[in-house]
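Here the sequence shown is numbered in this note's numbering, starting from 1 and rising by one per residue. Ideal placement from N, C-alpha and C gives every residue a C-beta, glycine not left out. Since the structure is predicted, the reported quantities are computational estimates derived from the model, not experimental observations.
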Amino acid sequence: MQGLLKFVGAEFWPWPHDHVKETRERGPSVRIAPDSVPDLDTPYPIVFVHPRGTFSVTTPDFTLADLWVECVNEGHLDDDLEDCVVDGLPTLLFIRALSLLPKEEKDRLNGKYGIKFAPAATHYSYVTGVQVVMGDGGEGEDVLSTLQARGVDVEPVKVVRVEEVDNADD
1 MQGLLKFVGA EFWPWPHDHV KETRERGPSV RIAPDSVPDL DTPYPIVFVH PRGTFSVTTP
61 DFTLADLWVE CVNEGHLDDD LEDCVVDGLP TLLFIRALSL LPKEEKDRLN GKYGIKFAPA
121 ATHYSYVTGV QVVMGDGGEG EDVLSTLQAR GVDVEPVKVV RVEEVDNADD
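In structure tokens form, the structure reads like this:
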């Protein structure tokens, strides 16, 4: 199956669950370069990769299960090991629990376990359409024409700015 792989920035979504939540509430909105729009019929999958999508325990004396036990004993987690670790990898549930800890506790656990985060696919959605934003000065016309010539089903949209009106005298 073909689709898109989209890297999510930690600047706007510090943890994977931040982007998951926004995607659930608003749906995915992804800006991509016109030459990156695949020649695929919609809907097609888009997989999101977050820089903190997974983590490992790097201290040789400890394992992921050891960290889970400590998190349960300290009251940071109340979920079963099978819900927090699958095939030797932490689930988003485990990552979310760590992300919600106070900084001092995160630092303590990181010092003890050597927690190292890494990019990983965290969730997916489907692209159901492509839009090109059209500007007042003809901006977007070339992109629209290029995509249409490639056979991409694309919808031109215009952004309308609504200015606040002072109705204080009414």
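Residues near residue i by beta carbon distance below 6 Å, same chain, minus five either side
i: residue 120; result: 53 and 54
i: residue 117; result: 52 and 55
i: residue 62; result: 113
i: residue 20; result: 123
Nearest residue (CA-CA) to residue i, options the options
i: residue 79; options: 94, 48 and 66; result: 94
i: residue 6; options: 36, 18, 21 and 14; result: 36
i: residue 128; options: 23, 41 and 25; result: 41
i: residue 13; options: 48, 44 and 43; result: 48
i: residue 98; options: 83, 77, 82 and 112; result: 77
i: residue 172; options: 30, 88, 155 and 81; result: Because the chain is modelled from 1 through 170, residue 172 falls outside the range shown and cannot be assessed.
i: residue 71; options: 105, 162, 88 and 92; result: 105
i: residue 8; options: 122, 43, 135 and 26; result: 122
i: residue 32; options: 83, 162, 148 and 143; result: 143
i: residue 111; options: 163, 60 and 83; result: 60
Pair within 8 Å by beta-carbon distance, residue i and residue j
i: residue 90; j: residue 50; result: no
i: residue 131; j: residue 152; result: no
i: residue 85; j: residue 65; result: yes
i: residue 46; j: residue 3; result: yes
i: residue 146; j: residue 34; result: yes
i: residue 69; j: residue 113; result: no
i: residue 100; j: residue 67; result: no
Counterpart residues of residue i in DSSP-defined beta bridges
i: residue 46; result: 4 and 125
i: residue 89; result: 86
i: residue 117; result: 55
i: residue 133; result: 157
Cβ-based neighbour list, residue i, same chain, cut-off 7 Å, excluding 5 preceding and 5 following
i: residue 133; result: 140, 157 and 159
i: residue 124; result: 45, 46, 47 and 48
i: residue 150; result: 39
i: residue 28; result: 46 and 125
i: residue 83; result: 91 and 93
Close Cβ partners of residue i (< 8 Å) along its chain, the five nearest in sequence each way excluded
i: residue 43; result: 126, 127 and 128
i: residue 155; result: 129, 130, 131 and 132
i: residue 88; result: 64
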